[in-house]
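Right, one structure below, let's go through it.
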Amino acid sequence: EITAGTPVHLNAEVANTDRSVGTLLGHRVTQAHGGDGLPSGTVRVSLNGTAGQSLGAFLPRGVSIDLRGDANDYVGKGLSGGTISIAPRPENPTRPEHNVIAGNVIGYGATAGSMFLSGMVGERFLVRNSGVEAVVEGIGDHGLEYMTGGVAVILGPTGRNFAAGMSGGTAFVLDFNPSRLNPKERAAGVFRFGGIGESDAPVLQRLLSDHVAATGSPLAGELLAGLDRGQDILSRFTKIIPVAYARVKDIQDEIANSGDTADSENAWQTILEAAHG
962 EITAGTPVHL
972 NAEVANTDRS
982 VGTLLGHRVT
992 QAHGGDGLPS
1002 GTVRVSLNGT
1012 AGQSLGAFLP
1022 RGVSIDLRGD
1032 ANDYVGKGLS
1042 GGTISIAPRP
1052 ENPTRPEHNV
1062 IAGNVIGYGA
1072 TAGSMFLSGM
1082 VGERFLVRNS
1092 GVEAVVEGIG
1102 DHGLEYMTGG
1112 VAVILGPTGR
1122 NFAAGMSGGT
1132 AFVLDFNPSR
1142 LNPKERAAGV
1152 FRFGGIGESD
1162 APVLQRLLSD
1172 HVAATGSPLA
1182 GELLAGLDRG
1192 QDILSRFTKI
1202 IPVAYARVKD
1212 IQDEIANSGD
1222 TADSENAWQT
1232 ILEAAHG
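Residue numbers 962 to 1238, in this note's numbering, belong to the letters of the sequence shown in order.
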């Protein structure tokens, strides 16, 4: 079925002794179909229980893992196009955003794909992320460290030393506390802060909607319901983006609007000057 690319849905129970669940499956998909993987949602894996370390590590495009329970460290390590969603068991009576859903170092070195985590996670969330879109409801210390691309939506508190060494990508943080930023980079003006712009709103709303669809998150559902009622929910979000990265994005937009191509010599020279390259 993997070789043929036939859609398949698997169900299984997991325990914390089950490590790297989905990684060998992802290897088989990549072996059969190359780096492009499969169409989104071709292989769906539904899990119940407590997953061990490295759930969905290196998961390629076309494979999705949906866990009802919780997970240990390294969820989505090296995620390469797949989708991972984790939510508490339906019988859990507590609010997800007040509880830890996964451990430390979630999404380390991820390059593509998406993660939806209905709850809080530990330290070093999305370290060295270069392309994943992720939604989470609170993180520990050192979040987004050395991030170079992708989008992080954080619907809860952030720990200290936030965004240290972050050189690319975008973060949308609910009720953000600027004191949690890496103090040296905050003082040096490394980041551009702002509200949710006209081009940002559809991205944020899409990710909130996807988060609700994937996890049933009560918090994200309430935020979307507030938007539907006309409440100014978006004003509670802060957009955080490295200044040099923002300059490059601005130049890319200008190049596109001018009709020039992004790989022209003039375009590259302008980008390098903006990035001090």
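Where is the CB? At the ideal position from N, CA and C, for every residue including glycine.
Quick one: grab the DSSP three-state call for residue i.
i, result
"Glu1084", "coil"
"Lys1210", "helix"
"Ala1015", "Residue identity differs from the one stated: residue 1015 is Ser in this sequence, not Ala. Residue state, collapsed to three classes: coil."
"Asn936", "The displayed coordinates of the chain run from 962 to 1238. Any statement about residue 936 would go beyond what the structure contains."
"Gly1110", "strand"
"Ser1219", "helix"
"Asp1189", "helix"
"Glu1052", "coil"
"Ile1062", "coil"
"Asp1273", "Nothing in the structure corresponds to residue 1273, since the chain is present only between 962 and 1238."
"Gly1129", "strand"
"Glu974", "strand"
"Ser1046", "strand"
"Val1204", "helix"
"Val969", "strand"
"Arg1005", "strand"
"Ser1196", "helix"
"Asp1171", "helix"
"Val1097", "strand"
"Ile1232", "helix"
"Pro1144", "helix"
"Val1024", "strand"
Contact check, residue i vs residue j under 8 Å by CB: the rounded distance?
i, j, result
"Ala1071", "Val1093", "4 Å"
"Ala1095", "Met1076", "4 Å"
"Gly983", "Val1006", "6 Å"
"Asp1027", "Leu1008", "7 Å"
"Gly1037", "Gly1064", "Contact doesn't hold; Cβ gap of about 12 Å is too wide."
So, at 6 Å on beta carbons, what are the nonlocal neighbours of residue i in its own chain, with the 5 sequence-adjacent residues on each side left out?
i, result
"His1103", "Glu1084, Arg1085, Asn1122"
"Val1134", "Ile1115, Thr1199"
"Thr991", "Pro1021"
Sort the options by Cα distance to residue i and report the nearest one.
i, options, result
"Phe1137", "Ala1181, Gly1080, Thr1199", "Thr1199"
"Arg1141", "Thr1131, Pro1118, Glu1159", "Pro1118"
"Glu1052", "Tyr1069, Asp1214, Arg1029, Gly1064", "Arg1029"
"Gly1206", "Ser1178, Ala1132, Gly1182, Gly1156", "Here residue 1206 is Tyr; the residue named in the question, Gly, does not match the sequence. Taking only the C-alpha atoms, the option nearest Tyr1206 is Ala1132."
"Leu986", "Gly998, Ala976, Thr978, Asn977", "Gly998"
"Val1173", "Ala973, Tyr1069, Leu1078, Val990", "Leu1078"
"Gly1158", "Thr967, Gln1192, Ile1201", "Ile1201"
"Ser932", "Leu1020, Ile1232, Pro1049, Arg1167", "Absent from the model: residue 932. The displayed extent of the chain is 962 to 1238, so no value can be given."
"Val1164", "Ala1113, Glu974, Arg989", "Ala1113"
"Asn1074", "Gly1101, Gln1192, Pro1000", "Sequence check: residue 1074 is Gly here, not Asn. When only C-alpha atoms are compared, the closest one is Pro1000."
"Ser1160", "Asp1214, Glu1183, Asp1171, Glu1146", "Asp1214"
"Ala965", "Gly1187, Arg989, Met1108", "Arg989"
Apart from the five residues just before and just after residue i, which ones in its own chain have a Cβ nearer than 7 Å to its Cβ?
i, result
"Asn1227", "Asp1221"
"Glu962", "Val969"
Considering only the beta carbon of each residue, do residue i and residue j sit closer than 9 Å?
i, j, result
"Ile1062", "Ile1045", "no"
"Gly1110", "Gly1130", "yes"
"Gly1023", "Gly1042", "yes"
"Gly1002", "Ala1032", "no"
"Arg1056", "Leu1180", "yes"
"Phe1152", "Val1204", "yes"
"Ser1239", "Val1004", "No answer is possible for residue 1239: the residues shown for the chain start at 962 and end at 1238."
Give me, in chain order, the residues of the same chain whose beta-carbon lies closer than 8 Å to that of residue i; leave out the 5 immediate sequence neighbours on both sides.
i, result
"Ala1162", "Leu1195"
"Phe1154", "Pro1139, Thr1199, Lys1200, Ile1201"
"Glu974", "Leu1008, Asn1009, Gly1010"
Does any heavy atom of the ligand NAD sit closer than 8 Å to the C-beta of residue i?
i, result
"Asp1221", "Summarising the ligand content, the structure contains no ligands, and the ligand NAD is consequently not present."
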